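Student: In our numbering, the protein residues as written are 401 to 573. Note that CB positions come from ideal geometry on N, CA and C, so glycine has one too. All values reported here derive from a predicted model rather than from experimental measurement.
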């Protein structure tokens with residue numbers, strides 16, 4: 401069975417460079433490697449054949465240890481800060497999923513609440529309303545899951561406060 405192994409490396413006292421990435425790729429030839437790096441961290445993904453996840457992890461650890469030595473990165477075990485294996489079919493499935501959260505703007509909020517956009521904006525400014533995920537020039541944006549959670553618990557009372565007419569609410573001069 402084919403597995404993909406992902407390894408996050410953060411070796412102390414080593415500044416990672418492009419030539420390190422190139423050498424890792426060369427050392428992992430035949431394992432379909434992919435490498436990304438910054439000066440202090442490197443992410444390496446490659447394939448191994450194994451019958452179980454445990455064997456995939458063991459094989460992956462030996463392969464990456466050898467590749468790091470070939471690249472001249474003297475990295476103790478503590479340098480590996482993340483290590484995982486998954487089947488290629490699980491990787492394919494996870495890559496098909498969106499990693500962008502469902503978001504809601506004022507227009508969508510108004511539809512959820514069944515009110516006008518103006519009223520939705522007023523309600524969103526209340527202190528007990530969830531803070532937006534981000535505020536764009538076009539207005540606030542919330543994660544839909546945050547709003548759904550809030551709206552399930554929100555004690556919303558329809559209409560105006562009892563005993564007040566529109567004229568009493570807005571002083572006429």
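#1: Report the three-state DSSP secondary structure of residue 536 (helix, strand or coil).
#2: Out of curiosity, what's the CA-to-CA distance linking residue 411 and residue 432?
#3: Nearest CA to the CA of residue 456: which residue from 547, 534, 405, 510?
#4: Between 448, 419, 428, 430, which lies nearest to residue 437 when the distance is taken from Cα to Cα?
#5: Counting only the same chain and skipping the five closest in sequence on each side, list residues whose C-beta sits under 8 Å from that of residue 425.
#6: What do you reckon, are the CB atoms on residue 504 and residue 544 nearer than 9 Å?
#7: Would you grab the beta carbon distance between residue 409 and residue 480 for me? Rounded to a whole angstrom, and I think it's under 8 Å.
#8: Starting from the Cα of residue 422, find the closest Cα among 530, 461, 470 and give me that residue.
#9: Report buried or exposed for residue 467, applying the criterion of at least 16 other Cβ atoms within 10 angstroms of its Cβ.
#10: Output yes or no for whether 9 Å exceeds the beta carbon distance between residue 506 and residue 539.
Tutor: In short, the structure shows the following:
#1: Three-state DSSP puts residue 536 in a strand.
#2: Going by the C-alpha atoms only, they are around 23 Å apart.
#3: Answer by Cα proximity: 405.
#4: Its Cα nearest to that of residue 437, the residue 419 stands out among 448, 419, 428, 430.
#5: Closer than 8 Å at the Cβ level, and outside the excluded window around residue 425, lie 433, 435.
#6: Here residue 504 is near residue 544, since their CB atoms are less than 9 Å apart.
#7: So it is a contact: roughly 6 Å between Cβ atoms.
#8: For residue 422, the nearest C-alpha among the options comes from 470.
#9: Flag for residue 467 reads buried.
#10: Yes. Within cutoff.
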